[in-house]
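Residue numbers (this note's numbering), protein chains in the order written: chain A, 1 to 259; chain B, 260 to 528.
All C-beta atoms in this analysis are idealised placements derived from N, C-alpha and C, irrespective of residue type, glycine included.
Note that the structure is predicted; figures quoted are calculated from it, not measured.
Worksheet for the structure shown next.
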Amino acid sequence: MSSVPTPAISFDQLCKSYPATGNRSQIALGPLTGAIEQGSFVSLVGPSGCGKSTALKLIAGLLTPSSGSVSLHASDDLSYVFQDATLMPWASVFDNVYLPFKLAGAARATVEDKVMASLERVGLADRAHAFPRELSGGMKMRVSIARALITEPKVLLMDEPFAALDEFTREKLDDDLLALWHAQKWTVLFVTHSIYESVYLSQRVMVLSQTPGRLIGDVVVDAPYPRDQAFRESAAYFDACRAVSTAMRMPAPSAEVSS
Amino acid sequence: MSNRSAFRIYSIDTLLIPMLVGGCVLGLWEFLVHINDVPEFVLPSPTRIGASLLEDGPSLLGSLGVTLKITLAAFFLALVGGVGLAVLFSQSRTLEMALFPYAVILQVTPVVAIAPLVLIWVGFDRAQLALLILAWIIAFFPILSNTVLGLRSADHNLRDLFQLYHASRWQTLRHLLLPAALPHILSGMKVSGGLALIGAIVAEFVAGSGTSSGLAWRIIEAGNRLQIPKMFAALVLLSLTGIVIFFALSMLERVLLRRWHESAVIREG
């Protein structure tokens, strides 16, 4: 082991463009260069449509970059949580969480304990046989997280997972997520449009500009974990929020400038 | 909600009210026929039709069996062919582009117009096969187009998720695309079930005379002999068959979807 650990995720001049009218193409994101250390909790904030989700999909390999590259330290140990719970409506809660193992060819009986343990972790063990439509929005999101965590990923990519939930549910899930992360220490890249949520959760907030999204700020949130309501009222919290907010108003750097 | 019986599709009221209306109409019909002394070969009274149903019932049921056999076989083949072809389309866009227009052509060509041709091709001695083909042509398209739509309707994030977990084509089809398509397939089946029966009857009418022993032929035969009550009796049997097919498929839909699909969920109150 070297003294400087390999970053969990790094991206170099990452760029995504889509075909537009005529022969021109519309740049949706980038160029974006940066790295995310192993075991860290990093948020990616930016205005709607700035390419946050695109960045996450590029990292996950769901989209191919138009130019530049992404490298993952452990590309197979990756889980993704979508903005919607993205559950299969025809399958029970248990079967939804079992899905990653099912697709990997593991027999149901051999992983039953793991599925139940994962549901236990998000507090839904008693709803294993319910169907998604019988659950509230917050519960569905918990199932989605249980499914993401069941493979014990090294990297967790989350695309505005709690954006559609009410304030109370969101704060509760934020706390639960932090507790899980604190215990397991996976690398989390959390996309959100909420400055407050990003500061509350993460060690570091990366700020993206308006379309095409480029990195215009990188704010370190210097506060210990576990964090709680007291942190939401602390000076450190407000300072970090202000720093992120200021960064968001910065003009986007021109594309030609490369670091 | 979920532990309610799947067989309780309709409450007492939803059965009772239409039956009451039907009863009134039949009563009025009976009354008008008697009061105006309408001849039997123009419009027989409901009681006369009932009597004919009892009298000719056994022989009509035999003919119904023939028609039903063609209907069910055509429906089954339409299901297998429609879903099968749609699955192939979902795997290859090129194949879909190449073949779908021809499926549409098959659909928009009136079956009455091609019936004589089909009959000539398969031979008059194998009229049953011609009927099966014609009924299949009619029943096949709703299942195909609904399944094509259904296979496309799977949630895009779920598709991404399957890709992230390295699901094979077969796994994606089996565990994502087909379940997502199921509500569409079932509504296609409900349309096709009725169409298969119509197709069998229409084909028999066209191909009919002497080569067939199904219910449509019995209607023609009864018409030619001016046995109008018998004609009506055969019609009643046909309607009942259509209703039974529709109910059976509705029941199937309810059983398969009731735990997860909004269309099949029984709302409280």
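query	result
Close beta carbons around A:Val-115, own chain, < 7 Å, minus the five adjacent residues each side	Phe-94, Val-97, Tyr-98, Ile-150
Chain-ordered residues of the stretch 117 to 145 of chain A with a beta carbon less than 7 Å from chain B	Phe-131, Arg-133
Check whether A:Val-81 and A:Asp-12 have beta carbons under 8 Å apart	no
From B:Asp-384, B:Leu-393, B:Ala-357, B:Tyr-361, residue whose alpha carbon lies closest to that of B:Ile-373	B:Leu-393
Which of helix, strand or coil DSSP assigns to A:Ser-79	strand
Expected contact under 8 Å - CB spacing of B:Leu-319 and B:Arg-433 to nearest Å	So it is not a contact: roughly 44 Å between Cβ atoms.
Close Cβ partners of B:Thr-326 (< 6 Å) along its chain, the five nearest in sequence each way excluded	Ala-459, Gly-473, Leu-474
Neighbour flag for A:Met-1 against chain B, beta carbons, 8 Å	At A:Met-1 the pLDDT is 42, less than 50, meaning the model places this residue with poor confidence; the figure from the coordinates comes in the next sentence. Output row for A:Met-1: interface = no.
CB contact below 8 Å: B:Ala-426 versus chain A	yes
Span of the beta strand (DSSP E), counted from its first residue to its last, around A:Arg-204	204 to 208
Close-in-space but distant-in-sequence residues of the same chain around B:Pro-488 (CB under 6 Å, 5 per side omitted)	Pro-303, Arg-307, Ile-308, Ser-311
Element boundaries [alpha helix (DSSP H), containing B:Ser-446]	437 to 466
Whole-Å CB distance - A:Pro-212 paired with A:Gly-30, under 8 Å assumed	7 Å
Classification of A:Tyr-225 by the beta-carbon crowding that lies within 10 angstroms, buried from 16 upward	exposed
Helix, strand or coil at A:Leu-187 [DSSP, three-state]	For the sequence presented, residue 187 of chain A should be read as Thr rather than Leu. Strand at A:Thr-187.
Backbone CA spacing between A:Arg-274 and A:Ser-40 [nearest angstrom]	There is no way to answer for residue 274 of chain A, as the model of chain A reaches only from 1 to 259.
Helix, strand or coil at A:Lys-154 [DSSP, three-state]	coil
Three-way DSSP call (helix, strand, coil) for B:Gly-316 in this model	helix
Under 7 Å from the C-beta of B:Leu-511: neighbouring residues of chain A	By Cβ distance, chain A contributes nothing, its closest Cβ being about 15 Å from B:Leu-511, past 7 Å.
Within chain A, partners of B:Arg-411 - CB distance below 9 Å	By Cβ distance, chain A contributes nothing, its closest Cβ being about 17 Å from B:Arg-411, past 9 Å.
Continuous alpha helix (DSSP H) stretch holding B:Phe-399: start and end	386 to 411
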